[in-house]
Amino acid sequence: MRTATGARAVVTILLLSVLSTQALANGDAGSGGDAGDSSSNATPLGPYNGTYNGNLTSGDEDWYSIQMPNGTGIAASLSFSNSASIDFDLYLYDSSNYSIDYSWYSDPVENVTSNGSSVGGTTVTLWAVSYTHLTLPTI
Numbered sequence: 006m007r008t009a010t011g012a013r014a015v016v017t018i019l020l021l022s023v024l025s026t027q028a029l030a031n032g033d034a035g036s037g038g039d040a041g042d043s044s045s046n047a048t049p050l051g052p053y054n055g056t057y058n059g060n061l062t063s064g065d066e067d068w069y070s071i072q073m074p075n076g077t078g079i080a081a082s083l084s085f086s087n088s089a090s091i092d093f094d095l096y097l098y099d100s101s102n103y104s105i106d107y108s109w110y111s112d113p114v115e116n117v118t119s120n121g122s123s124v125g126g127t128t129v130t131l132w133a134v135s136y137t138h139l140t141l142p143t144i
C-alpha cells in the first residue's frame, strides 16, 4: 500500500506449531495501534496458531511477546509484498533476550524457529524490523 508520506508494507506474522487457531485484526496484531517499539514494551500475542497483520514503514520496528505453554516450541514467519525496496528482517529471542534465531535474507518471507527446542514455560520475543536499501545510480 502506498501513501503520500511514503511506502508502507502489509506484514503478516504467522505463529505455527503452538496450540489452536485465531486471527486478529485492527492495528498491529489486533492491538488497535502500533506494536511495541522495544522488547520492554512488546505487544503480547496469544500462544496459539494465528495470523497477525500489521504495518511497518521503513525504519520502523515492532516487538511481540508470547508466553509459551510448557513443552512447546515456536516457528514464526514474516511475509510481505515488497515493491518499495524495503528489507524486512525477523528475530526470535528467549526470555533473557538472547537470540534464538534470525532471518535476514529470505525476502519476501522471513522464517524463525526455536529449532525443535522447547521454549515452553517462558516468554519469547519476536522483533520485526524494516530498512530501506538505497540504489546508487550507475555512472
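Counting in the working numbering, the final residue of the sequence shown is number 144, and the numbers go up one at a time with none missing. Glycine is no exception: its CB is placed at the ideal position from the N, C-alpha and C atoms. All values derive from a computational prediction rather than experimental measurement.
DSSP places Asp-42 outside any beta strand (DSSP E), giving it a letter other than H or E. A direct Cα-Cα distance of roughly 12 Å separates Asn-46 from Trp-132. Here Tyr-110 is exposed, its C-beta having fewer than 16 other C-beta atoms within 10 Å. The Cβ atoms of Ala-81 and Leu-97 sit closer than 8 Å to each other. Two segments are said to touch when three or more pairs of C-beta atoms, one from each, lie closer than 8 Å; by this definition the segment 35–49 does not touch the segment 113–127.
When the beta-carbon positions are compared, Tyr-136 and Ser-84 stay at least 8 Å from each other.
Gly-35 sits in a helix when the DSSP states are folded into three classes.
Boundaries cannot be given for Ile-79, as no beta strand (DSSP E) includes it and DSSP labels it neither H nor E.
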